[in-house]
Amino acid sequence: MKFSYTMDEYIDVADASGKLLGISELKSVIHQKGLYHHTAHIWLYTKKGEILLSQRSALKSICPLMWDVSVAGHIDAGESVINAAIRECQEEISLTLSESDLIKIGVFECFQSYESGIIDNEFHNTFIAELKIPLSELSPQIEEVEALKLVSFDEFENLLKLSATNGHFVASNTPYYKKILKVIKTQIQNQS
């Protein structure tokens, strides 16, 4: 079975607990064999109580055109989690962030298999950060992001309630999305 990727980069392999094993493999091989690996997820929010969502590119082999995390990507072999988060923001939406902008909220397991044959065993190293520029200043990378939108917390919650049937979010990720919303709400309350 062939997998199509715009880039087939090397990624560090982890064990089932997330510990790096000191070896790397091509992303295509990792997804074919179901090897454990790490990704960086960055959820962007505004002080007005909005969350930035990215629509996955139509070119993606996993969940094309579904709405998901603001920015996400694999951590390259030898790359730090924080550098991957900063790089992915720049590449995917042309947003420049520094380490001090990012608040790490945890590592979330996401182990899923897809009809395409991809076995995706990821550890999402998850950050939140305040989006301080207008949506119009962001520029989506067409291979990764089809569109961007800001949604209110209420709209986010309403979309989640119907995620099993509305085709908006990746339904299997609903518990993860709910945790993210709770953390972002708490962050905004603490900032006020």
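The working numbering puts the last residue of the sequence shown at 193; the count rises by one with no breaks.
Just so it is clear, CB atoms sit at the ideal spot from N, CA and C, and this is done for glycine as well.
Taking the Cβ atom as the reference point for each residue, do residue i and residue j lie within a distance shorter than 9 Å?
{"i": "S55", "j": "E156", "result": "no"}
{"i": "N122", "j": "F109", "result": "no"}
{"i": "L132", "j": "Y11", "result": "no"}
{"i": "I106", "j": "V171", "result": "no"}
{"i": "E51", "j": "S153", "result": "yes"}
{"i": "Y177", "j": "H125", "result": "yes"}
{"i": "L53", "j": "K150", "result": "yes"}
{"i": "E116", "j": "R57", "result": "no"}
{"i": "D77", "j": "A85", "result": "yes"}
Just the C-alpha distance for residue i and residue j, rounded to the nearest angstrom, thanks.
{"i": "I129", "j": "G35", "result": "27 Å"}
{"i": "S193", "j": "W68", "result": "29 Å"}
{"i": "L139", "j": "H75", "result": "21 Å"}
{"i": "H32", "j": "S173", "result": "18 Å"}
{"i": "T40", "j": "L161", "result": "23 Å"}
{"i": "S62", "j": "S101", "result": "33 Å"}
{"i": "T97", "j": "R88", "result": "8 Å"}
{"i": "K49", "j": "T127", "result": "21 Å"}
{"i": "Q188", "j": "L182", "result": "10 Å"}
{"i": "S114", "j": "T175", "result": "16 Å"}
{"i": "V82", "j": "I104", "result": "12 Å"}
{"i": "L22", "j": "T166", "result": "39 Å"}
{"i": "S164", "j": "E158", "result": "10 Å"}
{"i": "P65", "j": "P135", "result": "25 Å"}
{"i": "I120", "j": "Q142", "result": "25 Å"}
{"i": "S137", "j": "S99", "result": "20 Å"}
My assumption, with CB atoms under 8 Å, is that residue i sits in contact with residue j. Please give the rounded CB distance.
{"i": "I94", "j": "V72", "result": "6 Å"}
{"i": "H42", "j": "V14", "result": "19 Å between Cβ atoms; not a contact."}
Only counting the same chain, and skipping five residues up and downstream in sequence, which positions put a Cβ closer than 7 Å to that of residue i?
{"i": "Q196", "result": "Here the chain has residues from 2 to 193 only, and residue 196 is not among them."}
{"i": "D9", "result": "L27, K28, S29"}
In its own chain, which residues sit with a C-beta less than 8 Å from the C-beta of residue i, not counting the 5 before and 5 after it?
{"i": "G79", "result": "D13, S25"}
{"i": "D16", "result": "L22, Y37"}
{"i": "A59", "result": "P65, L66, E147"}
{"i": "G168", "result": "M67"}
Going by beta carbon distance, what residues of the same chain come within less than 6 Å of residue i, once the five residues before and after it are set aside?
{"i": "G19", "result": "F124"}
With a cut-off of 9 Å, does the C-beta of residue i fall near any C-beta of chain D?
{"i": "F154", "result": "No chain D is present in this structure, which holds just one protein chain."}
Inset, instruction - Output the residue ranges of the alpha helix (DSSP H) runs that lie fully inside the region 7-76 and measure 4 residues or longer, sorted by chain position. - result: The region 7-76 contains these whole alpha helix (DSSP H) runs: 28-34.
Legend entry - beta strand (DSSP E) runs contained entirely in the region 67-135, provided each spans 3 or more residues: You should have 72-75, 104-114, 120-131.
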